[in-house]
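Student:
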Amino acid sequence: MSTRRLLGWALGGQASSFVVTLLGSIILARLLSPREMGVYAIAVATVGILSILSTAGPASYVIREKEMPELRLRTAMTITFALNALIAIAIYAVSFRAGPWLGDPGVGPVLRCLALIPLIQILEFRPAAMMQREMQFRASTTIATSTALLTSAGQVTLAWLGYSYMSMAYASLAAALFSAIANNIVGRQHMGFRLSVDNWRPIAMFGARMLTISGVAALSWRICELVLGKMLGLTALGLYSRASNISNMIFFNIYGTASRFAFTKLSKDYREHGSVTTSFVISLEMIVSVMWPLLAGSAILAGPIIVNLYGIKWVDAAPVLSLLLASQIVVLAFGMNWELFVIHDEIKKQTRFEAIRAAFGTAAFAIGCTFSISAAATGRIVEALFGLILYLPSMSRLSGAAPARIFRLYGRSAVLTGAACLPAALLMSFEGWNPRTPLPLCLASVALGVGLWIVSLKLTRHPLLDELTRFLRHRRNGSVQPA
2 MSTRRLLGWA
12 LGGQASSFVV
22 TLLGSIILAR
32 LLSPREMGVY
42 AIAVATVGIL
52 SILSTAGPAS
62 YVIREKEMPE
72 LRLRTAMTIT
82 FALNALIAIA
92 IYAVSFRAGP
102 WLGDPGVGPV
112 LRCLALIPLI
122 QILEFRPAAM
132 MQREMQFRAS
142 TTIATSTALL
152 TSAGQVTLAW
162 LGYSYMSMAY
172 ASLAAALFSA
182 IANNIVGRQH
192 MGFRLSVDNW
202 RPIAMFGARM
212 LTISGVAALS
222 WRICELVLGK
232 MLGLTALGLY
242 SRASNISNMI
252 FFNIYGTASR
262 FAFTKLSKDY
272 REHGSVTTSF
282 VISLEMIVSV
292 MWPLLAGSAI
302 LAGPIIVNLY
312 GIKWVDAAPV
322 LSLLLASQIV
332 VLAFGMNWEL
342 FVIHDEIKKQ
352 TRFEAIRAAF
362 GTAAFAIGCT
372 FSISAAATGR
382 IVEALFGLIL
392 YLPSMSRLSG
402 AAPARIFRLY
412 GRSAVLTGAA
422 CLPAALLMSF
432 EGWNPRTPLP
442 LCLASVALGV
452 GLWIVSLKLT
462 RHPLLDELTR
472 FLRHRRNGSV
482 QPA
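Residue numbering for the sequence shown follows our numbering, beginning at 2 and increasing consecutively.
Encoded structure:
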């Protein structure tokens, strides 16, 4: 299967997951209160802290390595088993003390339910990791979309039946079980539960390095949520969580899929050619040229988005959403840095960067929490700007792309973003930034913005236009040529 078709499957599947998750969150927000969402959010934050070891999981090692013999795969499975078992035990143990400390007795039952998920995820490790290694995106995205559908349907159904915050915990548990079963059926050629400790040190060392990179960032993020919940209350955390979930749905459903695909492609190019310059620049520009306009436009229309989709009781989440989306625009400017550091085996250096960035970001967020949730979200922008200064020089060095080439990429994407967002900005200015701005007017501004975005693609001779044209031509012809 060609590169473009693989990417099409990946993005198409993620788009389906995004739509399903969005629809589910809309209905769920109208069934549950901000405080109920806050109870689940603070439980998830606790799980995130206790699950810090999961970032040392060997999945990335399996995907990255040139060769993956059966014995090494068994060792990776053994390490995954040990890590996930420890995580499950820790979550279960903490659940009995979490309620009094976190301010609501409902946190304990949520944690005990979520403690089962790491154990279930052990079962899907081998087939899921190997399918991604082999770029079987059609299978993996189908499973991911089905899992998202089950999660959303389960949450809504259980919330409607009166299960409150437990509806999300039960649905997540059911979805994890489905995902494990589906991965083992579709990837049955990779099934296996035999364990080994043969040559475990390289995998453990790689995992330790990954823990210090991804783990530090994840730990910082979850600590910030706990700080917000303790300082501003569970209702405030529920509002922040709603805004954060929306921004993450937009960000990770597109960037997450594209970057996973890019990591696989970059790893392949580096193994075969020793260079990632072309694939990195193309991947980053494609991502930024789509996501900057999407994020900026969503930030401008945050008020109407919140009110029209989730209801007036969530309106206080609108300014938080705008600020979080703005921070993600900055984050994209140094996107795919993790992939570069991992491929070049400079994880130790990125570990230092992430530790510095996490400490700075946590401090900025905590200071913001002393004022309001909007001030806390502003701390995310400050952290993102700091990260840009920290990472930009290394991006150029590791990718092999000259700084001028990267800045030209930013410039073209900024032009696209300005053109795409102009109608929405004019509309909201005319309406006095009213969150009750009529939905038809918002949709019209979006449609006009998309049109201006396409015109800008042509005027700037953006490479994305060639890709879109080629894709549409191949769709009409019913075939896709190899990339």
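Virtual Cβ for every residue (Gly too), placed ideally from N, Cα, C.
Here the structure is a predicted model, which means the values were calculated and not measured.
Should Gly39 and Gly230 be called a contact, given that it needs their Cβ atoms to be closer than 9 angstroms?
Tutor: As a first step, residue 39 is located in the sequence shown; it is residue number 38 there, counting from the start. As a first step, residue 230 is located in the sequence shown; it is residue number 229 there, counting from the start. Their beta carbons are under 9 angstroms apart, which means Gly39 touches Gly230 by this criterion.
Student: Between Met287 and Pro464, is the Cβ-Cβ spacing less than 9 angstroms?
Tutor: Within the sequence shown, the letter at position 286 stands for residue 287. Within the sequence shown, the letter at position 463 stands for residue 464. Closer than 9 angstroms, so yes.
Student: State the DSSP-derived secondary structure class of Lys266, mapped to helix, strand or coil.
Tutor: The residue you call residue 266 lines up with position 265 of the sequence shown. Helix at Lys266.
Student: Enumerate in chain order the residues of its own chain whose CB-to-CB distance from Val282 is below 6 angstroms, with the five nearest sequence positions on each side excluded.
Tutor: As a working mapping, residue 282 is identified with position 281 in the sequence shown. Correct list, in chain order: Ala402.
Student: To the nearest angstrom, how far is it from the Cα of Ser480 to the Cα of Met136?
Tutor: Taking the first residue of the sequence shown as 1, we reach residue 480 at position 479. Taking the first residue of the sequence shown as 1, we reach residue 136 at position 135. Legend: pLDDT at Ser480 = 47, less than 50; position of this residue unreliable, no value from coordinates given.
Student: What are the uninterrupted segments assigned as alpha helix (DSSP H) that are 4 or more residues long and contained completely in the stretch 176-217, given in chain order?
Tutor: 201-211
Student: Where Pro203 and Leu29 are concerned, what is the direct C-alpha to C-alpha distance, given to the nearest angstrom?
Tutor: Position 202 of the sequence shown, counted from the first residue, corresponds to residue 203. Position 28 of the sequence shown, counted from the first residue, corresponds to residue 29. Straight-line Cα distance between these residues: approximately 44 angstroms.
Student: Hey, is the stretch 334-346 in contact with the stretch 297-311, meaning 3+ C-beta pairs nearer than 8 angstroms?
Tutor: no
Student: Any beta-carbon of chain D closer than 9 angstroms to the one on Met337?
Tutor: Here chain D cannot be found, since the structure has a single protein chain.
Student: Taking its Cβ as the centre, do 16 or more other Cβ atoms sit within 10 Å of Asp105, making it buried, or is it exposed?
Tutor: Translated into the one-based positions of the sequence shown, residue 105 becomes position 104. Buried: at least 16 other Cβ atoms inside 10 Å.
Student: Quick check: what's the CA-CA separation for Tyr166 versus Tyr41?
Tutor: The count along the sequence shown starts at 1 and reaches residue 166 at position 165. The count along the sequence shown starts at 1 and reaches residue 41 at position 40. So the two alpha carbons sit approximately 6 angstroms from each other.
Student: Given this structure, state the Cα-to-Cα distance separating Asp467 from Leu458, to the nearest angstrom.
Tutor: On the sequence shown, residue 467 is found 466 positions in, with the first residue counted as 1. On the sequence shown, residue 458 is found 457 positions in, with the first residue counted as 1. Near 9 angstroms, if we compare the C-alpha coordinates of Leu458 and Asp467.
Student: If Ile251 sits next to Leu295, beta carbons under 8 angstroms apart, how far is it from one beta carbon to the other, in whole angstroms?
Tutor: Taking the sequence shown and counting its residues from 1, the one referred to as residue 251 is at position 250. Taking the sequence shown and counting its residues from 1, the one referred to as residue 295 is at position 294. Contact between Ile251 and Leu295 is confirmed by a C-beta separation of about 7 angstroms, below the 8 angstroms threshold.
Student: I need the straight-line Cα distance from Arg127 to Ala170, nearest angstrom please.
Tutor: Locating residue 127 in the sequence shown gives position 126, where the first residue counts as 1. Locating residue 170 in the sequence shown gives position 169, where the first residue counts as 1. So the alpha carbons of these two residues sit roughly 25 angstroms apart.
Student: In terms of alpha-carbon separation, which member of Glu432, Ile407, Thr47 and Met429 lies closest to Thr222?
Tutor: The count along the sequence shown starts at 1 and reaches residue 222 at position 221. In the sequence on display, residue 222 carries Trp and not Thr. Checked all of Glu432, Ile407, Thr47 and Met429; the closest Cα to Trp222 is Thr47.
Student: According to DSSP, simplified to helix, strand and coil, what is Ser290?
Tutor: Within the sequence shown, the letter at position 289 stands for residue 290. Three-state DSSP puts Ser290 in a helix.
Student: Could you pull out every residue in the same chain whose Cβ sits closer than 6 angstroms to the Cβ of Pro119, ignoring the five residues on either side in sequence?
Tutor: Looking up residue 119 in the sequence shown gives position 118. The answer, listed in chain order, is Asn85, Ile88 and Ala89.
Student: Measure the alpha-carbon distance for Ile27 versus Val198 and round it to whole angstroms.
Tutor: Mapped onto the sequence shown, residue 27 falls at position 26. Mapped onto the sequence shown, residue 198 falls at position 197. Distance between the alpha carbons of Ile27 and Val198: 46 angstroms.
Student: Use the C-beta contact count for Glu71: other C-beta atoms within 10 angstroms, 16 or more gives buried, fewer gives exposed.
Tutor: Position 70 of the sequence shown, counting from 1, holds the residue named residue 71. Its Cβ having fewer than 16 others within 10 Å, Glu71 is exposed.
Student: Would a C-beta distance cut-off of 9 angstroms place Met429 and Leu302 closer than the cut-off?
Tutor: Indexing the sequence shown from 1 puts residue 429 at position 428. Indexing the sequence shown from 1 puts residue 302 at position 301. The answer is yes: Cβ separation under 9 angstroms.
Student: Taking C-alpha atoms, which residue in Ile382, Ser395 and Thr148 lies nearest to Val20?
Tutor: Position 19 of the sequence shown, counting from 1, holds the residue named residue 20. Comparing Cα positions, the closest option is Thr148.
Student: My understanding is that Gly109 touches Ser96, with C-beta atoms under 8 angstroms, so please give their C-beta distance in whole angstroms.
Tutor: As a working note, residue 109 is residue 108 in the sequence shown. As a working note, residue 96 is residue 95 in the sequence shown. That belief holds up - the Cβ atoms of Gly109 and Ser96 are roughly 5 angstroms apart, short of 8 angstroms.
Student: Which full runs of the alpha helix (DSSP H) of 4+ residues lie inside the stretch 54-123, going along the chain?
Tutor: Restricted to the stretch 54-123, the alpha helix (DSSP H) segments that are unbroken, complete and at least 4 residues in length are 60-65, 71-103 and 108-115, listed in chain order.
Student: Which of the three DSSP states is assigned to Glu37 in this structure?
Tutor: Position 36 of the sequence shown, counted from the start, is the residue given in the question as residue 37. The answer is helix: DSSP assigns Glu37 an H, G or I state.
Student: Using a Cβ-Cβ cut-off of 7 angstroms (strictly less than) and excluding sequence neighbours within five positions of Ala91, which residues of its own chain qualify?
Tutor: On the sequence shown, residue 91 is found 90 positions in, with the first residue counted as 1. Counting only Cβ-Cβ distances below 7 angstroms, and skipping sequence neighbours, we find Leu51.
Student: Please look up how many angstroms separate the CB atoms of Ser260 and Thr146, rounded, as I've assumed it's under 8 angstroms.
Tutor: Translated into the one-based positions of the sequence shown, residue 260 becomes position 259. Translated into the one-based positions of the sequence shown, residue 146 becomes position 145. Not really, about 18 angstroms apart at Cβ, beyond 8 angstroms.
Student: In three-state DSSP terms, what is Pro483?
Tutor: Looking up residue 483 in the sequence shown gives position 482. Per-residue confidence for Pro483 stands at a pLDDT of 39, beneath the threshold of 50, marking its modelled position as unreliable; the derived number appears in the next sentence. In the structure shown, the three-state DSSP call for Pro483 is coil.
Student: Of all the options Thr56, Leu391, Leu103 and Val291, which has the alpha carbon lying nearest to the alpha carbon of Arg413?
Tutor: Locating residue 413 in the sequence shown gives position 412, counting from the first residue. It is Val291.
Student: On the three-state DSSP scale, how would you describe Ala334?
Tutor: The sequence position of residue 334 within the sequence shown is 333, counting from 1. If DSSP states are grouped into helix, strand and coil, Ala334 belongs with coil.
Student: If the criterion is Cβ atoms closer than 9 angstroms, does the pair Thr379 and Gly369 meet it?
Tutor: For the purposes of this step, residue 379 is taken as the residue at position 378 of the sequence shown. For the purposes of this step, residue 369 is taken as the residue at position 368 of the sequence shown. In this structure, Gly369 lies closer than 9 angstroms to Thr379 by Cβ.
Student: Is Ile90 near the ligand PLP - that is, is its Cβ less than 8 angstroms away from at least one heavy atom of it?
Tutor: As far as ligands go, the structure on display features none, and thus does not contain the ligand PLP.
Student: Helix, strand or coil: how does DSSP classify Met131 here?
Tutor: In the sequence shown, counting from the first residue as 1, residue 131 sits at position 130. In the structure shown, Met131 sits in a helix (DSSP, three-state: H, G or I).
Student: For Thr1, report the span of its alpha helix (DSSP H) as first-last.
Tutor: Nothing can be reported for residue 1, as the shown portion of the chain is limited to 2 through 484.
Student: Would you please state the rounded distance, in angstroms, between the beta carbons of Ala140 and Arg243? I believe it to be under 8 angstroms.
Tutor: If you number the sequence shown from 1, residue 140 lands on position 139. If you number the sequence shown from 1, residue 243 lands on position 242. Actually they are not in contact, since the Cβ atoms of Ala140 and Arg243 sit about 32 angstroms apart, beyond 8 angstroms.
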